[in-house]
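Heads up: the structure comes next, in structure tokens.
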Amino acid sequence: KRNSKLPSETVVLLVLCVLLAAALIIIIRLFFVILVSNKSVQTVREENEALRKNLSEITWGEQPTCPPPPSCPPESHNQTCLKCGGHWEFHGGKCYYFSTCGLNWTDSRSFCRDVGGDLVKIDSREEQEFLVRKLRDFGKIIGESFWIGLTDSETEDRWLWADGSPLDESLKFWFSGEPNNMRNDHPDGEDCVALKVIKTAADPKTWNDCPCNSFDRIICEKPRGSAQSSCV
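Residue numbers (UniProt numbering): 1 to 232.
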């Protein structure tokens, strides 16, 4: 009886060993498949990131320049030109310039400062409505954007004007659904504000948060001055 049991036990043991070996082989193969897959995914991610950076460099690498507003002719008797400068708009005691070219937000602010002003700060509903009307004249294209001097780049959701003053809660003119800080589309977020050209000029809600490295047109603002100080 003892001899008759040995072969059957040996067979069972051998079968178990074979099954364990097969299971081990399968586990090892699965491990390597997962390892290779993870490496492939990582490689694809790295390639995508490299492509995104290359695209960003191609898109934003060559910084465009904006020509300054033209000077007033020496014989000019145009009061707006004498108060503000060539191609500036005088309204409500301030001078406004609407650029014909686009820069990122930081360069747009530098441009405005170079011509004696800063990115526009909106102090009233009437001023916002004036800008909306003017954008219809200067923008032409529905959806085109113009930078203003509002950003939350220092602290998320803490909106500050370029002069450092906080946004007045009673003077917000966000477009529907804004600000949304679309990080899915823009990993760095949307920390700078632009006014969009819209179909209805009567609607003052035109603010949109955008990536600060976007190229948009510019609204500069400066105080009224004399011909000597303002004609750039």
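Quick reminder that beta carbons are idealized off the backbone N, C-alpha and C, glycines included.
Note that the structure is a prediction, hence the values are computed from the model and not measured.
Where Asp209 is concerned, there is no enclosing alpha helix (DSSP H), although the beta strand (DSSP E) around it starts and stops at 207 to 210. DSSP places Ala23 in the helix class (H, G or I) of the three-state scheme. Three or more pairs of CB atoms, one per stretch, sit closer than 8 Å, so the region 168 to 178 contacts the region 201 to 220. Around the Cβ of Ile219, a 10 Å sphere holds 16 or more other Cβ atoms; the residue is buried. In this model, Cys95 and Gly116 are separated by some 10 Å (Cα to Cα). Residue environment: Lys196 is assigned as buried (16 or more neighbouring CB atoms within 10 Å of its CB, all protein chains considered). By the Cβ criterion, the region 176 to 185 is not in contact with the region 117 to 124, since fewer than three pairs of Cβ atoms, one from each stretch, lie closer than 8 Å. Taking the Cβ atoms as the reference, Pro69 lies roughly 6 Å from Trp88, within the contact range of under 8 Å. In the three-state scheme derived from DSSP, where H, G and I count as helix and E and B as strand, Thr151 is classed as strand. Around the C-beta of Gly149, 16 or more other C-beta atoms lie within 10 Å, and the residue is accordingly described as buried.
If only complete runs of 4 or more residues are kept, the UniProt domain "C-type lectin" (91 to 221) shows the alpha helix (DSSP H) at 105 to 114, 125 to 139, in order along the chain. Here Pro223 is bridged, per DSSP, to Lys94.
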